[in-house]
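Residue numbers (the working numbering): 2 to 327.
Next comes the structure, spelled out in structure tokens:
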């Protein structure tokens, strides 16, 4: 493990640390509610938000840009992190720390090197085994028993820097992409507080990642976004839950299936029945006392909500015994 390094300035005043406070100027690259909350946390601390980089609009209530405007913090476009000239701007502003929260722009190495203390990223997944995009959805789809959120030092590679701190939590069979993402946001705010506390002390931990355990997930969607009826029911249901961010848009969209080779249907939610369908073809539709059921590789599952022509529909209005879903 390498030694923690955090050069900081000490100024006279009062704060959480007593008659002397450790003060750093923070540039925050942020989006979404998690970014707005992180900005508020920095503003409430003994440290100072120096500038905010965001793609959000100040006209959108609760956005990062609106939060920055309310705090009197100047803003820049988020895509400036791809411009090497931003490095000189950050130095001129006296930025000590760059904190990235839910912004997907790749940061230029020159920009990462500009803050005096370092650059940090809040990643909604455990590292090194869940790097890249849409980590909550991938964790559910792959049947992971737990997930987590990681605060790490940023370097030129994607999600490859030393870990500062990490929080892990279990994934249940009821979890969806949304519920896991919400827990990532909540635990992520804890990690922002811990970073601020480390900055108070003048040292920030560095725990090297194990590259042999690294898994990286890109922009692709499992099964090309289609319901894998030929898979076991547990895998089918996990994929549907991984895509479920309702009532918000899903980064993976609504899982699609084709009825009788013609009509495209979206399957939003489904439930297990536990009943074997060993004598049926995957994708075959039948009906029981509660409504339509669809065969998978091992057991029937029950569609709870489908989408036809962009409209949420009761599966009983769409699916009839003998239909084939592919």
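All C-beta atoms in this analysis are idealised placements derived from N, C-alpha and C, irrespective of residue type, glycine included. Quick caveat: nothing in here was measured; it's all calculated off a predicted structure.
For residue 210, no beta strand (DSSP E) run applies, since DSSP gives it neither H nor E. In the DSSP assignment, residue 304 forms a beta bridge with 271. Along the length of the segment 149-218, whole alpha helix (DSSP H) runs at least 4 residues long occupy 178-202, reported in chain order. For residue 78, the number of other beta carbons within 10 angstroms of its own is below 16, and it is reported as exposed. One alpha carbon belongs to residue 225, the other to residue 258, and they sit about 11 Å apart. DSSP places residue 50 in the uninterrupted beta strand (DSSP E) bounded by 49-55.
Given a length threshold of 4 residues, each whole run of the alpha helix (DSSP H) inside the segment 73-150 is given here in chain order: 87-93, 110-113 and 136-142. Annotation: the continuous alpha helix (DSSP H) that includes residue 237 extends over 234-244. When the beta-carbon positions are compared, residue 65 and residue 91 stay at least 8 Å from each other. Residue 128 places its beta carbon less than 8 Å from that of residue 160. The three-state reading of DSSP puts residue 42 in helix, counting H, G and I together.
Measuring C-alpha to C-alpha distances from residue 239 to each of 151, 84 and 223 identifies 223 as the nearest.
Per DSSP, the beta-bridge partners of residue 28 are 52 and 99. Its chain contains 146 and 147 as the residues whose beta carbon lies nearer than 7 Å to that of residue 171, once the 5 sequence neighbours on both sides are disregarded; these appear in chain order.
From the listed residues 197, 25, 289 and 301, the smallest Cα separation to residue 232 is found for 301. For the set 283, 136, 243 and 312, the Cα lying nearest the Cα of residue 265 is the one of 312.
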